[in-house]
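Visitor: Before I ask anything, here is the structure I am working with.
Numbering (the UniProt record's numbering), first residue to last: 1 to 276.
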């Protein structure tokens, strides 16, 4: 064997091993970073848009953290919306939309995740599950709202705690606006790590209450196919509301009166299911 062939054999094998080792190292680092630091990328709390006042209710979570909430009662309402807002916004930002829900005929209860608004703590996947549990417990135990009168509503990142709660607790219904299959699959359509955050696609199969999924076809943040596949995985009875020209943050505005009509028809269908 001449020197040139020997060189290619030895160093070619060395280069292949180095390439494989580098790929393994990069993948291991990706898994490590995703597992321990992805919450910092998922949650984007901004400076609070409001201050504590008499209207702000302080809830205590199971691990002793104080989070903020608002209650918009409606004496004529049959159902109370337990609303989980989107990312990069807080109760102050959400309040106009919450008031619109009340004006549509619902009572509304919403809360800020840890680190959002005037809530204490740091937001993580596990922590926001504790936060929505605190809101649900306050509704049922302090305000006396029966579980079969609570509709859980999750928008965008709020779909994570909303689906999780509805998969574990008795509720009247679940509404998802611009939801995702899971947090990581917003970034990569095909799963590339052996774990995920906010695994809605698995949990929604455990939801036994009626489900409404709403999504804009022009959503640039959470692509429309997330809503489609989540709806396909949900149990009956279920409804979908696709808005052709809506993006991620303007679904209700673009849909206009159709948005209110869809919510009303969904709640009427819940009452119809419960009557049998």
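Beta carbons are placed, not taken as given, at the ideal position from N, Cα and C, and that holds for glycine.
Under a Cβ-count criterion, where at least 16 other Cβ atoms within 10 Å of its own Cβ denotes burial, should residue 64 be classed as buried or exposed?
Guide: For this step, residue 64 is matched to residue 64 along the chain shown. The residue is exposed, with fewer than 16 neighbouring Cβ atoms inside 10 Å.
Visitor: Would you give the residue range spanned by the alpha helix (DSSP H) that residue 116 belongs to?
Guide: Taking the first residue of the chain shown as position 1, residue 116 is located at position 116. From DSSP, residue 116 is part of no alpha helix (DSSP H); its letter is neither H nor E.
Visitor: Quick check: the Cα distance between residue 107 and residue 145, rounded to an integer number of angstroms?
Guide: One-based indexing of the chain shown puts residue 107 at position 107. One-based indexing of the chain shown puts residue 145 at position 145. Each residue's Cα considered, the two are about 10 Å apart.
Visitor: Quick one: grab the DSSP three-state call for residue 234.
Guide: As a position in the chain shown, residue 234 is number 234, starting the count at 1. Correct three-state label for residue 234: coil.
Visitor: Of the residues 130, 124, 180, 252, which one's Cα is nearest the Cα of residue 156?
Guide: On the chain shown, residue 156 is found 156 positions in, with the first residue counted as 1. If we check each option's Cα against that of residue 156, 180 comes out closest.
Visitor: Are three or more beta carbon pairs between the region 157–166 and the region 117–129 nearer than 8 Å?
Guide: At 8 Å Cβ cutoff, the stretches touch.
Visitor: Over the uninterrupted beta strand (DSSP E) stretch that includes residue 66, give me the two end residues.
Guide: Residue 66 sits at position 66 when you count from the first residue of the chain shown. That run of the beta strand (DSSP E) goes 66–72.
Visitor: Going by DSSP, what residue range makes up the alpha helix (DSSP H) through residue 163?
Guide: In the chain shown, residue 163 corresponds to position 163, counting from 1. 159–168 is the extent of the alpha helix (DSSP H) around residue 163.
Visitor: Have a look at the DSSP bridge pairing and note the partners of residue 216.
Guide: Here residue 216 refers to the residue found at position 216 when the chain shown is read from its first residue. According to DSSP, which records beta bridges pairwise, residue 216 is partnered with 243.
Visitor: Thinking just about the alpha-carbon of each residue, which of 118, 239, 246, 183 is nearest to the one in residue 89?
Guide: Position 89 of the chain shown holds residue 89. Checking every option, the nearest Cα to that of residue 89 belongs to 118.
Visitor: Which of helix, strand or coil does DSSP assign to residue 135?
Guide: On the chain shown, position 135 is the one that residue 135 refers to. It is helical.
Visitor: Does residue 96 pass the burial test, meaning 16 or more other C-beta atoms within 10 Å, or should it be called exposed?
Guide: Taking the chain shown and counting its residues from 1, the one referred to as residue 96 is at position 96. Looking at its Cβ environment, which holds fewer than 16 other Cβ atoms inside 10 Å, residue 96 is exposed.
Visitor: Using CA coordinates, which residue listed in 138, 224, 217, 235 is at the minimum distance from residue 203?
Guide: Counting from one through the chain shown, the residue named residue 203 turns up at place 203. Residue 203 has its Cα closest to that of 235, out of 138, 224, 217, 235.
Visitor: Any idea what DSSP makes of residue 128, helix, strand or coil?
Guide: Your numbering for residue 128 matches position 128 in the chain shown. Here residue 128 sits in helix by DSSP.
Visitor: Whose CA, out of 178, 259, 270, lies closest to the CA of residue 160?
Guide: As a position in the chain shown, residue 160 is number 160, starting the count at 1. Considering only alpha carbons, the answer is 178.
Visitor: Quick check: what's the CA-CA separation for residue 206 versus residue 168?
Guide: The residue labelled residue 206 in the question sits at position 206 within the chain shown. The residue labelled residue 168 in the question sits at position 168 within the chain shown. The straight-line gap from Cα to Cα measures roughly 8 Å.
Visitor: With a cut-off of 8 Å on the beta carbons, I'd call residue 139 and residue 98 a contact; round off their distance for me.
Guide: As a working mapping, residue 139 is identified with position 139 in the chain shown. As a working mapping, residue 98 is identified with position 98 in the chain shown. Between residue 98 and residue 139 the Cβ distance is about 15 Å, and since that is not below 8 Å, they are no contact.
Visitor: Taking the alpha carbon of residue 252 as the reference point, which residue from 216, 147, 174 has its own alpha carbon closest?
Guide: By one-based count along the chain shown, residue 252 stands at place 252. Closest by alpha carbon: 216.
Visitor: Any idea if residue 238 is buried or exposed, counting beta-carbon neighbours within 10 angstroms, 16 or more meaning buried?
Guide: If you number the chain shown from 1, residue 238 lands on position 238. Buried, by the Cβ-count rule.
Visitor: If you check the beta carbons only, do residue 59 and residue 172 fall under 9 Å apart?
Guide: Indexing the chain shown from 1 puts residue 59 at position 59. Indexing the chain shown from 1 puts residue 172 at position 172. Not a contact, by the Cβ cut-off of 9 Å.
Visitor: Using DSSP with H/G/I as helix, E/B as strand and the rest coil, what is residue 228?
Guide: Numbered from 1 along the chain shown, position 228 holds the residue referred to as residue 228. The answer is helix: DSSP assigns residue 228 an H, G or I state.
Visitor: Compare the Cα-Cα distances from residue 84 to each of 151, 267, 76 and report the closest residue.
Guide: The sequence position of residue 84 within the chain shown is 84, counting from 1. Of 151, 267, 76, the residue nearest in Cα terms is 151.
Visitor: Taking DSSP as the reference, what is the three-state secondary structure of residue 197?
Guide: One-based indexing of the chain shown puts residue 197 at position 197. Here residue 197 sits in coil by DSSP.
Visitor: Report the option in 82, 94, 69 whose CA atom is closest to the CA atom of residue 111.
Guide: By 1-based counting over the chain shown, the position of residue 111 is 111. When only C-alpha atoms are compared, the closest one is 69.
Visitor: Does residue 54 pass the burial test, meaning 16 or more other C-beta atoms within 10 Å, or should it be called exposed?
Guide: As a working mapping, residue 54 is identified with position 54 in the chain shown. Answer is exposed; the Cβ neighbour count stays below 16.
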